[in-house]
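A.B. asks:
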């Protein structure tokens, strides 16, 4: 399955990096950074109304190259100017053609909180995210056990980072909640098959208590999709391909917001 390949690729990447920089050295540097951040990613998602997390993404395993021209700093700035609440940046290099450099430069340029979108399989990657300037990390229940999710949240908390804990089905939502997630994201795309069902997040919304932030991810394309999610009590949406394919991102955000 592609998800297994993504996780294995991340493990290889981490092991290669540990050979040049130890976990202990990375941890010390990350912990030396300011941890009193106020958790800006959670603040952005908790605002009144539906929040928009807009993604900077060059490619994906299911769609191939989405943006041949990839002025990532310009894209992030356009999102900010268009009224996005947060930015998600892909750093996975093999299948999504992402880069840590994209995240570091974007976080240094815009004032919005930035999510490191990657397949986090080791605490090493959380410490990396802090050093790169991220405000949040992604923890995917399908590739982490309950204790790994719990430990990931603990480490993120200690660094002043938020953890977006991603689930796809009932068992994974239960895992996320049991691990102490404050933000649960339901992916409408099954990362095992890449099939998309927008009703997935609408159906699973009922499992998540109202004091836990709820994010709908993937497959969101139209104002009608947004309307249905808003009516369902969704706090935020994470949208990538729809924005990346749009030549006028500000216009697209306005259309989806219903403005």
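Residue numbers (the UniProt record's numbering): 1 to 259. Built from N, CA and C at the ideal position, the CB exists for glycine as well.
1. For a quick check, are the C-beta atoms of residue 194 and residue 205 less than 7 Å apart?
2. For residue 249, does the count of other Cβ atoms within 10 angstroms reach 16, so buried, or fall short, so exposed?
3. For the alpha helix (DSSP H) that residue 158 lies in, which residues bound it at each end?
4. In angstroms, rounded to a whole number, what distance separates the CA positions of residue 253 and residue 83?
5. Would residue 179 and residue 167 qualify as a contact pair, given that the criterion is a beta-carbon distance under 7 Å?
6. Compare the Cα-Cα distances from residue 93 to each of 221, 57, 74 and 198 and report the closest residue.
7. Identify whether residue 198 lies in helix, strand or coil by the three-state DSSP scheme.
8. Using the Cα positions of residue 120 and residue 149, report the straight-line distance between them to the nearest angstrom.
9. Under a Cβ-count criterion, where at least 16 other Cβ atoms within 10 Å of its own Cβ denotes burial, should residue 242 be classed as buried or exposed?
10. Tell me which residue opens and which closes the alpha helix (DSSP H) that residue 253 is part of.
11. Is residue 126 helix, strand or coil when you go by DSSP?
12. Rounded to the nearest angstrom, what separates residue 251 and residue 14 at their Cα positions?
13. Comparing C-alpha positions only, which one of 5, 52, 125 and 69 sits nearest to residue 239?
14. Am I right that residue 269 and residue 138 are in contact with their C-beta atoms under 8 Å? What's the rounded C-beta distance?
C.D. replies: On the basis of the data shown:
1. Your numbering for residue 194 matches position 194 in the chain shown. Your numbering for residue 205 matches position 205 in the chain shown. No; because the gap between Cβ atoms is not below 7 Å, this pair is not in contact.
2. For this step, residue 249 is matched to residue 249 along the chain shown. Classification for residue 249: buried.
3. By 1-based counting over the chain shown, the position of residue 158 is 158. The continuous alpha helix (DSSP H) containing residue 158 extends over residues 146-159.
4. In the chain shown, counting from the first residue as 1, residue 253 sits at position 253. In the chain shown, counting from the first residue as 1, residue 83 sits at position 83. Rounded to the nearest angstrom, the two C-alpha atoms are 8 Å apart.
5. Here residue 179 refers to the residue found at position 179 of the chain shown. Here residue 167 refers to the residue found at position 167 of the chain shown. The answer is no: Cβ separation not under 7 Å.
6. Translated into the one-based positions of the chain shown, residue 93 becomes position 93. Comparing Cα positions, the closest option is 57.
7. Here residue 198 is taken as the residue at index 198 of the chain shown, counted from 1. Three-state DSSP puts residue 198 in coil, outside helix and strand.
8. Position 120 of the chain shown, counting from 1, holds the residue named residue 120. Position 149 of the chain shown, counting from 1, holds the residue named residue 149. Straight-line measurement puts the Cα of residue 149 at about 10 Å from the Cα of residue 120.
9. Here residue 242 refers to the residue found at position 242 of the chain shown. Taking all protein chains shown into account, residue 242 has 16 or more neighbouring C-beta atoms within 10 Å of its C-beta and is therefore buried.
10. Residue numbering aside, residue 253 sits at position 253 when the chain shown is read from its first letter. Where residue 253 is concerned, the enclosing alpha helix (DSSP H) stretches over 249-257.
11. As a working mapping, residue 126 is identified with position 126 in the chain shown. When secondary structure is reduced to three states using DSSP, residue 126 falls in the helix class.
12. As a working note, residue 251 is residue 251 in the chain shown. As a working note, residue 14 is residue 14 in the chain shown. So the two alpha carbons sit approximately 39 Å from each other.
13. Here residue 239 refers to the residue found at position 239 when the chain shown is read from its first residue. Among 5, 52, 125 and 69, the Cα nearest to that of residue 239 is on 52.
14. With the chain covering only 1 through 259, there is no way to say anything about residue 269.
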